[in-house]
Amino acid sequence: MTHLKILTATVLTLLLNSCSDAKTNKEADTPVQTEQKDDALQGFIQQKISDNLYVLKFQNYNTNVGVFIGTESVLLVDPMIGPNNHQLLLKAVKQLSSKPIKYVINTHSHMDHSGANAFYKELGATIISHENAKYSNALYDVTFNDSYSLDMGNETIMLRHSIAHTFDDVLVYFKNNNALFMGDTYMTNSFPHFYYGGGSAGHLGIIDKALAIGNSNTTIVAAHGKLLSSIKDLVTYREHSVNWINRINQLHGEGKTSEEIADDEKINQLSLVFNEGKRVAKQSLQRTIDKTISVETAPQISIPEKTLKDYAGLYQYENGQVDEIIYHDQKLIFRSEGNYIFEIVPLTATKFQLKGQFPNKYLTFDSGRQQFTFFNGDEYLAAIRK
Ligand SMILES: [Zn+2]
């Protein structure tokens with residue numbers, strides 16, 4: 004049993020760094036558009052949006068990569084992980100343009116999007132990410148807070164941030180191409196995935212932001228699944244997301260267990276819709292429901308704003324690592340540079356749960372808020388206020 008618990012914790016830690024639960028390429032990906040399969044592309048599927056904007060996907064790796072060819076240089080969105088894939092992707096990009104690769108934009112810090120950052124930095128590229136990427140293990144050069152704009156000569160690229168799938172999600176909009184890359188806030192082959200950042204409100208919020216940026220002709224690029232989608236697809240996805248969240252909340256509110264919810268007909272219909280018509284294992288469906296419930300209906304108590312602010316500060320562990328708790332937007336955020344960032348929600352005046360972490364992780368404070376113990380799923384780590 005202990006073994007199983009440790010294994011689960013390890014798997015969860017891995018999932019924090021990648022969205023590999025969004026499926027591998029083996030069972031997915033049959034783009035409906037006229038993508039090219041060409042020997043010169045060395046195992047890549049390619050979709051052209053215009054003469055200067057393409058989406059590439061390695062046949063054995065399920066991340067859609069954007070390639071933009073500017074007047075003088077090339078920009079990539081989400082070059083994926085895997086040392087063997089780096090050279091192959093570079094080769095495929097060079098088939099499209101011999102101009103230098105000057106920029107890499109990450110839609111978020113998960114490794115299946117940012118894993119090739121070091122490789123391209125070495126080649127001279129500047130990595131652009133949201134500033135919360137500091138609290139991940141992804142490499143970054145330039146960060147921004149709310150929005151950022153990049154002039155590529157023949158195109159203006161607008162970046163917009165929201166907390167949704169993670170704390171560092173970025174929408175990447177190519178203005179002249181009228182194409183919007185949405186990262187993992189929109190996937191065509193998996194369940195809505197909003198456990199690490201903004202919950203369902205963040206998920207729907209970033210979709211609304213995308214819809215406000217786009218118009219009826221905007222090309223939408225999901226990070227996983229189909230290479231190209233339309234605004235209509237995104238609107239439908241939003242509707243399905245709302246139905247999914249509401250149904251889980253409703254059944255959970257009626258006292259049903261996640262196992263019972265996983266047997267619900269409506270839930271199973273939506274599961275098929277999210278997973279390209281494929282039936283997922285009940286265990287996997289149930290785990291997704293469990294995570295949704297843990298994010299949406301965490302049994303938190305209400306603490307006055309003034310008291311919540313008293314938890315903020317720097318806390319140092321025995322090994323010297325310093326973590327920070329900040330009060331932001333009426334929430335407490337627990338973060339560690341180079342490691343992690345979570346919202347923490349109060350279960351009692353001294354015990355806080357890390358939101359979106361299932362099975363649960365906790366911070367337990369002393370009554371004077373001078374120290375806490377962090378249960379990270381494996382071990383208890385004590386830290387004292389600096
Ligand atoms: Zn992700």
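Number 165 in the numbering used here belongs to position 162 of the sequence shown; there are no gaps in the numbering. In this text, a Cβ means the ideal position worked out from N, Cα and C, and glycines have one as well.
Residue i Cβ short of 6 Å to ligand 1 heavy atom set
{"i": "His113", "result": "yes"}
{"i": "Asp187", "result": "yes"}
Per DSSP, cross-strand counterpart(s) of residue i
{"i": "Ala182", "result": "Phe177 and Thr222"}
{"i": "Asp154", "result": "Thr159"}
{"i": "His227", "result": "Met190"}
{"i": "Arg282", "result": "Partner(s): none; Arg282 has no beta bridge."}
{"i": "Asp313", "result": "Per DSSP, none; premise fails for Asp313."}
{"i": "Tyr318", "result": "Asp326 and Arg388"}
{"i": "Leu350", "result": "Paired residue(s): none; Leu350 is not in a bridge."}
{"i": "His164", "result": "Val173"}
{"i": "Ser339", "result": "Tyr343"}
{"i": "Leu366", "result": "Phe355 and Phe377"}
{"i": "Lys334", "result": "His331"}
{"i": "Ser132", "result": "Thr146"}
{"i": "Val68", "result": "Leu59"}
{"i": "Ser232", "result": "Ile223"}
Test item: CB-CB of residue i and residue j under 7 Å
{"i": "His206", "j": "Phe194", "result": "no"}
{"i": "Arg241", "j": "Ile216", "result": "no"}
{"i": "Gly201", "j": "Gly73", "result": "no"}
{"i": "Thr191", "j": "Lys229", "result": "yes"}
{"i": "Asp149", "j": "Thr129", "result": "no"}
{"i": "Leu162", "j": "Tyr151", "result": "yes"}
{"i": "Asn135", "j": "Phe184", "result": "no"}
{"i": "Ser76", "j": "Asn109", "result": "no"}
{"i": "Ala182", "j": "Thr222", "result": "yes"}
{"i": "Ser390", "j": "Leu254", "result": "Beyond the ends of the chain as shown, which are 4 and 389, falls residue 390; an answer cannot be given."}
{"i": "Lys312", "j": "Tyr330", "result": "yes"}
{"i": "Asp326", "j": "Tyr314", "result": "no"}
{"i": "Lys334", "j": "Glu321", "result": "no"}
{"i": "Leu92", "j": "Pro103", "result": "no"}
{"i": "Glu299", "j": "Asn252", "result": "yes"}
{"i": "Ala121", "j": "Phe47", "result": "no"}
{"i": "Ala119", "j": "Leu174", "result": "no"}
{"i": "Thr159", "j": "Lys137", "result": "no"}
Residue i (DSSP reduced to helix, strand or coil)
{"i": "Lys60", "result": "strand"}
{"i": "Asp381", "result": "coil"}
{"i": "Glu327", "result": "strand"}
{"i": "Gln253", "result": "helix"}
{"i": "Gln98", "result": "helix"}
{"i": "Ile387", "result": "strand"}
{"i": "Lys105", "result": "strand"}
{"i": "Ser76", "result": "coil"}
{"i": "His111", "result": "coil"}
{"i": "Pro34", "result": "For Pro34, the predicted structure reports a pLDDT of 37, less than 50, and the residue's modelled location is therefore unreliable. A value from the coordinates is still provided. In this structure, Pro34 counts as coil in the three-state DSSP scheme."}
{"i": "Phe122", "result": "helix"}
{"i": "Lys269", "result": "helix"}
{"i": "Gln356", "result": "strand"}
{"i": "Phe277", "result": "helix"}
{"i": "Ser53", "result": "strand"}
{"i": "Gly200", "result": "coil"}
{"i": "Ser305", "result": "coil"}
{"i": "Ser287", "result": "helix"}
{"i": "Thr239", "result": "helix"}
{"i": "Lys259", "result": "coil"}
{"i": "Asn139", "result": "Reading the sequence as shown, one finds Ser at residue 139 and not Asn. Reduced to three states, the DSSP call for Ser139 is coil."}
Ligand 3 heavy atom lying under 6 Å from the CB of residue i
{"i": "Gly205", "result": "In terms of ligand content, the structure shown lacks ligand 3 and carries ligand 1 instead."}
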